[in-house]
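Trainee: First residue of the first sequence? That's 0 in numbering that gives the first Met the number 0, and the numbers climb one at a time after it. Ideal Cβ positions, reconstructed from N, Cα and C, are used throughout, including at glycine. Can you read through this structure? Questions will come right after.
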Amino acid sequence: MEYNFKSIEQTWQQRWRDEKTYQVEIDHSRPKCYVLDMFPYPSGAGLHVGHPLGYIASDIYSRYKRLCGFNVLHPMGYDAYGLPAEQYAIQTGQHPAVTTEKNIARYREQLDRIGFCFDWNREVRTCEPGYYKWTQWAFSQMFNSFYCNKEQKALPISVLIKHFETEGNPGLDVAQSKELRFTADEWNSWDEQKKQQVLMNYRIAYLGETMVNWCPELGTVLANDEVVNGVSERGGFPVEQRVMRQWCLRVSAYAQRLLDGLETIDWSDSIKETQRNWIGRSEGTEAQFKVVPNDNPATKDGLEFTIFTTRADTMFGVTFMVLAPESKYVQQVVTSDKKADVEAYLEACKRKTERDRQAAHEVTGVFTGAYAINPITGENIPIWVAEYVLAGYGTGAIMAVPAHDSRDWAFAKHFNLPIIPLIEGDYDLNEGSFDAKEGVMMNSANSEINLNGLCVKDSIAAMKKYVTEKHLGRVKVNYRLRDAIFSRQRYWGEPFPIYYKEGMPYTIPEECLPLQLPEVSDFKPTSTGEPPLGHATKWAWDEKNRQVVDKALIDQKTVFPLELCTMPGFAGSSAYYTRYTDPHNDQALVSKEANEYWDNVDLYLGGSEHATGHLIYSRFWNKFLKDINVVKSEEPFKKLINQGMIQGSSRFAARVSGTNKFVSADLLDANGCYKGASTDPIHVDVNFVNNLDMDVEAFRQWRPEFADAEVVCNQEGKFVTTAAVEKMSKSKYNVVNPDDICEKYGADTLRIYEMFLGPIEQSKPWDTAGIDGSFRFLKKFWALFNDVAAEGACTKVTDSEPTADNLKSLHKLIKKVTGDIEQFSYNTAISAFMVAVNELSQQKCSSRAILSKLVVLIAPFAPHIAEELWHQLGNNGSVCDAEWPQFDEKYLVESTVKYPVQFSGKVRFTIDLPADADAEAVKAAVLATDDAKRWMEGKELVKFVFVPKKIVNFVIK
RNA sequence: GCCCUGAUGGUGGAAUGGUAGACACGAGGGACUUAAAAUCCCUUGGCCUUUACGGCUGUGCGGGUUCGAGUCCCGCUUGGGGCACCA
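Here is the structure:
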């Protein structure tokens with residue numbers, strides 16, 4: 000019987016569907032294991048062979064865990080809302096709901112062919128009302144919460160209101176947009192609108208007037224992680240800074256918890272480091288500087304401002320101060336004679352885009368005419384304004400120490416300001432500053448404090464203590480992490496459950512969710528920032544009747560306008576892992592029971608490109624859900640593996656420049672010229688190139704302009720192309736479709752080959768040529784059971800007793816494969832299979848006992864062939880419910896072991912020794928050999944090293 | 001500039017500090033076949049003398065630790081990624 004992968008795979012995929020083999024339920028008799036893939040955007044291009052890489056890896060792990068007795072949750076769904084889906088819809092001129100539906104169907108079809116063990120009963124789609132109800136619900140919860148720094152958790156906003164009513168806000172330690180001061184009496188005297196305004200300062204989901212990344216081309220604002228090098232991540236369109244009223248999530252309140260949590264999870268160092276950089280914790284000191292009164296009225300009554308520094312030790316070297324152009328202190332300190340200069344400078348700064356500012360790096364600035372008093376030295380130091388100081392970080396003001404900060408140094412040099420060295424050592428301050436946080440202090444003493452002679456680390460500590468005790472400032476931690484901008488002026492996203500009464504936002508009652516996305520006449524974004532939901536006619540909230548009504552009714556007393564923006568892509572993807580554990584629940588995001596059992600994700604697979612986006616937002620979202628007692632774990636993803644990208648391997652045909660003449664690459668000279676004429680490499684479709692040999696006929700048929708091209712082949716009549724590794728993409732004609740591979744080789748071969756390609760975390764190019772090896776392996780595997788020439792199933796299997804060699808091969812394999820799967824080293828596991836299959840076929844192993852275990856071992860990797868053989872062997876049920884074979888050391892014990900024997904580091908001979916021999920016995924046995932006698936002659940034994948089963952080593956003199 | 005990662009044959013890649021190059025592709029040679037496909041066997045890091053089951057050399061470069069280093073330490077070169085006028 001031949002290995003007919005096509006019918007095997009069809010049969011079993013159908014049976015898995017019919018018998019709901021992969022449907023799982025809570026089962027308290029078994030431990031759970033939650034294995035998750037990052038769900039895909041159903042893009043219009045469909046899957047290429049790179050996409051399933053992570054899915055295959057997680058599928059193997061899921062199947063393995065199931066065989067080990069775990070109740071495995073392995074779901075899949077679609078991240079269908081958001082920019083990519085909408086952009087695709089706009090490009091194709093169709094409604095995003097239609098294209099999304101179509102793309103999902105295509106994705107599903109492609110995924111099904113590969114034989115995954117997803118529980119499709121738990122599928123979620125972020126764009127379905129039953130799903131986004133809970134995205135909206137979570138948003139409402141955030142709106143109705145604030146973050147208490149003392150308890151380090153979110154609390155209901157009602158707690159805060161109660162506090163305001165009785166004590167006002169002094170003494171509160173909460174996360175806030177800006178510092179406010181008011182008493183209980185003041186609070187109680189305010190009207191509803193004013194109270195709502197104040198509360199907005201504390202809500203976790205809040206409406207803020209902030210500087211945002213506005214992308215005119217996409218017609219929407221973008222979060223920081225969606226902007227790369229000043230252009231949009233999607234599309235690469237320019238992004239400008241604008242102040243807009245936007246919904247924001249107070250992610251920054253969770254900065255410390257996001258940082259601390261990294262210590263508790265099993266993620267790669269690089270991705271943790273990326274998140275640490277993104278959070279950007281910086282511990283330093285805030286210090287107050289008094290402004291010397293000048294002719295600016297604001298300075299009359301002892302104006303002071305606060306700076307932030309990580310180098311408190313350098314306060315003796317401050318020679319000037321710098322304010323950010325946007326700092327409110329600029330207007331308050333500037334003297335009348337400098338006012339015009341300063342205004343001109345601020346105007347010039349405003350005109351620059353974020354991108355100009357990032358790229359230019361020129362030294363610019365202007366003197367305000369004002370002076371501040373250095374609290375340590377008492378000296379007057381000039382206050383400048385310069386754009387190198389950022390308003391958004393720290394306090395927007397710095398003390399400049401040009402001797403030990405390169406930016407301050409460049410500024411001082413440019414404007415000829417004094418530079419005072421504070422650290423001993425031979426560095427040249429004419430060349431640059433000495434920035435390193437090391438060395439011994441000097442020039443740093445007054446009557447109260449003396450840092451001279453201390454090292455930098457100690458003097459930072461000493462100065463912090465001094466500043467705190469003298470009430471000159473305080474220890475302060477700053478984070479780079481900003482609040483997430485949560486509004487998008489786009490159509491295809493979750494509507495906010497928000498309506499506006501007297502200009503202030505209110506949430507739609509929980510029972511009325513979901514608030515469904517309305518139909519609109521035109522869903523395209525506008526460059527002015529008017530959201531497409533503005534076109535919706537039935538888009539107003541009737542507060543009394545608790546329903547969505549026509550906008551025309553807004554004149555009525557109880558009908559109010561609804562929010563027009565929608566939520567960003569990451570809204571729906573932030574808590575989807577929780578929803579999978581209880582996907583059909585319409586009473587809660589997740590039931591207590593489901594969360595108690597399934598808890599968080601044990602293994603999460605996905606690309607590292609989400610390090611500063613989804614993986615931060617999800618962690619934030621989960622922490623919030625924990626604070627409001629919806630989930631029990633602090634972290635959503637215990638272990639994370641970032642699969643590498645599969646790159647394309649492009650092929651090029653050389654075309655003589657300016658002609659339609661193609662020349663085989665081996666006929667070109669070293670400069671790529673053919674008979675003196677230069678050539679250009681032209682992308683050709685990899686699907687009609689075998690290795691480097693191009694099918695000329697297929698090439699001619701490929702595109703009409705090549706149909707009558709002149710093609711010069713080499714002497715053997717072949718046309719040779721050149722190759723290069725590039726991103727897999729349509730425009731490079733290097734896309735390989737998994738469907739084609741499944742058609743030609745089968746899903747099992749595809750799975751094996753993708754895993755065999757290399758470590759899953761590494762990026763590597765796809766090369767279809769190598770797949771034959773994996774296909775051959777499965778054919779050999781099949782041939783262990785079936786005589787290909789004969790009729791009938793499992794004709795080669797007998798009930799004979801396994802031999803010692805059979806058992807050894809099997810148990811060696813069990814040990815290796817088990818260990819490798821646990822470590823996600825699938826490529827080496829497959830190598831071990833190849834070795835084992837070769838050994839067993841050489842041994843002519845026919846033992847049912849051995850072979851049925853072999854089938855279980857291969858099941859995670861090649862489930863279809865495993866299922867087929869499992870049944871041919873006469874088993875009932877699915878191989879999925881078999882038991883993972885246990886490894887037994889006793890079959891591996893060898894009677895003798897070959898040892899390489901070295902004398903003083905050099906290998907000289909090998910010797911057979913009993914496997915259980917101890918060091919003394921080995922030493923005696925080796926020394927008794929003729930070789931050893933020769934090497935030992937006239938020498939003295941200095942040291943003897945014996946590593947069991949590894950090596951025997953004599954050091955002689 | 002700071003931080004994280006990687007560098008091993010023609011290629012993808014193996015190697016708890018213990019015989020570097022497993023396994024696979026490709027290439028070369030051979031068997032079977034009218035032929036092709038499929039299958040099977042041998043060779044395959046480099047360089048020497050081929051008389052061998054032979055010698056030398058070899059994991060980006062330069063040092064070090066060790067009886068022994070691809071692996072550990074120090075200093076470089078270089079690819080990839082992150083952060084960045086963040087005080």
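Run the CB neighbour count on proline 530, radius 10 Å, all protein chains shown included, and call it buried at 16 or more, exposed below.
Mentor: Buried, by the Cβ-count rule.
Trainee: Which of the three DSSP states is assigned to isoleucine 459 in this structure?
Mentor: Of the three classes helix, strand and coil, the one that applies to isoleucine 459 here is helix, per DSSP.
Trainee: In this structure, does DSSP put glutamate 225 in helix, strand or coil?
Mentor: Three-state DSSP puts glutamate 225 in a helix.
Trainee: Is it the case that the Cβ atoms of asparagine 957 and methionine 141 are separated by a distance below 9 Å?
Mentor: No answer is possible for residue 957: the residues shown for the chain start at 0 and end at 956.
Trainee: For a test of the three-state rule: what should DSSP assign to histidine 94, helix, strand or coil?
Mentor: In the structure shown, histidine 94 sits in coil (DSSP, three-state: anything other than H, G, I, E or B).
Trainee: Leaving out five residues on either side along the sequence, give the residues of the same chain with a beta carbon under 7 Å from the beta carbon of alanine 768.
Mentor: Asn690, listed in sequence order.
Trainee: Near alanine 697, which residues of its chain fall below 7 Å by C-beta distance, leaving aside the five closest residues on each side in sequence?
Mentor: The answer, listed in chain order, is Phe687.
Trainee: For my contact list, tyrosine 60 and valine 34 are in at a C-beta cut-off of 8 Å; report their separation, rounded to the angstrom.
Mentor: Their Cβ separation, rounded to whole angstroms, is 6 Å, which keeps tyrosine 60 and valine 34 in contact under 8 Å.
Trainee: Give a yes or no on whether the C-beta atoms belonging to alanine 411 and alanine 396 are separated by under 9 Å.
Mentor: Taking 9 Å as the Cβ cut-off, alanine 411 and alanine 396 do not qualify as a contacting pair.
Trainee: For leucine 257, is the classification buried or exposed, using 16 other Cβ atoms within 10 angstroms of its Cβ as the cut-off for buried?
Mentor: It is buried - the Cβ of leucine 257 has at least 16 other Cβ atoms within 10 Å.
Trainee: When you compare only the Cα positions, how much space is there between valine 341 and valine 365?
Mentor: About 6 Å.
Trainee: Identify whether proline 504 lies in helix, strand or coil by the three-state DSSP scheme.
Mentor: Here proline 504 sits in strand by DSSP.
Trainee: Kindly indicate which residue of Gly528, Ile645, Phe832, Lys637 has the alpha-carbon position closest to the one of leucine 856.
Mentor: Taking only the C-alpha atoms, the option nearest leucine 856 is Phe832.
Trainee: Suppose contacts are defined by Cβ-Cβ distances below 9 Å. Is phenylalanine 485 in contact with glutamate 562 by that definition?
Mentor: The answer is no: Cβ separation not under 9 Å.
Trainee: Rounding to the nearest angstrom, what Cα-Cα distance links proline 504 and glutamine 822 in this structure?
Mentor: Cα to Cα, proline 504 sits roughly 50 Å from glutamine 822.
Trainee: Under 9 Å, do isoleucine 955 and serine 903 count as touching if we go by C-beta distance?
Mentor: Cβ distance < 9 Å, so isoleucine 955 and serine 903 count as in contact.
Trainee: Round the Cβ separation of leucine 604 and glutamine 646 to the nearest angstrom and send it over; I've been treating them as touching at under 8 Å.
Mentor: Going by Cβ atoms, the distance from leucine 604 to glutamine 646 rounds to 19 Å, so no, they are not a contact pair.
Trainee: Roughly how many angstroms lie between the CA atoms of glycine 81 and arginine 233, to the nearest whole one?
Mentor: Approximately 11 Å between the Cα atoms of the pair.
Trainee: Measure the C-alpha to C-alpha separation of valine 735 and threonine 909 and round it to an integer number of angstroms.
Mentor: Going from the Cα of valine 735 to the Cα of threonine 909 covers about 49 Å.
Trainee: Taking just the CA atoms, how far does lysine 177 sit from glutamine 245?
Mentor: The alpha-carbon atoms of glutamine 245 and lysine 177 are separated by roughly 16 Å.
Trainee: Can you tell me whether threonine 263 is buried or exposed, with buried defined as 16 or more other CB within 10 angstroms of its CB?
Mentor: Under this definition threonine 263 is an exposed residue.
Trainee: Here's the rule: buried if 16 or more other CB atoms are within 10 angstroms of the residue's CB, otherwise exposed. What is arginine 545?
Mentor: Classification of arginine 545: exposed, given that the 10 Å Cβ count is below 16.
Trainee: If you run the structure through DSSP and keep just helix, strand and coil, what is alanine 803?
Mentor: Helix at alanine 803.
Trainee: Taking its Cβ as the centre, do 16 or more other Cβ atoms sit within 10 Å of valine 836, making it buried, or is it exposed?
Mentor: With 16 or more other Cβ atoms within 10 Å, it is buried.
Trainee: Just to check my reading of the structure: asparagine 293 and threonine 334 have Cβ atoms closer than 8 Å, yes? What is that Cβ distance to the nearest angstrom?
Mentor: That belief holds up - the Cβ atoms of asparagine 293 and threonine 334 are roughly 5 Å apart, short of 8 Å.
Trainee: Is there contact here, the region 403 to 410 with the region 428 to 435, by at least three beta-carbon pairs under 8 Å?
Mentor: Output reads yes: the region 428 to 435 touches the region 403 to 410.
Trainee: With burial defined as no fewer than 16 other Cβ atoms inside 10 Å of the residue's Cβ, what is the status of lysine 625: buried or exposed?
Mentor: It counts as buried.
Trainee: Does the beta-carbon of proline 567 have 16 or more other beta-carbons within 10 angstroms, so that it is buried, or is it exposed?
Mentor: By the neighbour-count rule (16 or more Cβ atoms within 10 Å), proline 567 is buried.
Trainee: Would you give the residue range spanned by the beta strand (DSSP E) that glycine 472 belongs to?
Mentor: Note, glycine 472: beta strand (DSSP E), 472 to 477.
Trainee: Restricting to Cα atoms, I'd like to know which of Tyr387, Thr318, Ala371 is closest to leucine 345.
Mentor: Nearest option by C-alpha distance: Tyr387.
Trainee: Just reading off the beta strand (DSSP E) that phenylalanine 784 is part of, what are its end residues?
Mentor: Looking at the DSSP string, phenylalanine 784 is not in any beta strand (DSSP E); the run it does join, the alpha helix (DSSP H), is 770 to 784.
Trainee: In this structure, does DSSP put phenylalanine 288 in helix, strand or coil?
Mentor: Strand, per DSSP.
Trainee: Taking DSSP as the reference, what is the three-state secondary structure of tyrosine 2?
Mentor: Coil at tyrosine 2, not helix or strand.
Trainee: Using only the alpha-carbon positions, how far apart do cysteine 511 and valine 630 sit?
Mentor: If I take the Cα positions, the gap works out to 23 Å.
Trainee: Check whether the region 577 to 589 and the region 538 to 558 are in contact - that is, three or more C-beta pairs closer than 8 Å.
Mentor: In short, these stretches do not touch, since the Cβ pair count stays below three.
Trainee: Should alanine 574 go down as buried or exposed, given a rule of 16 or more other Cβ atoms within 10 Å for buried?
Mentor: Result: buried.
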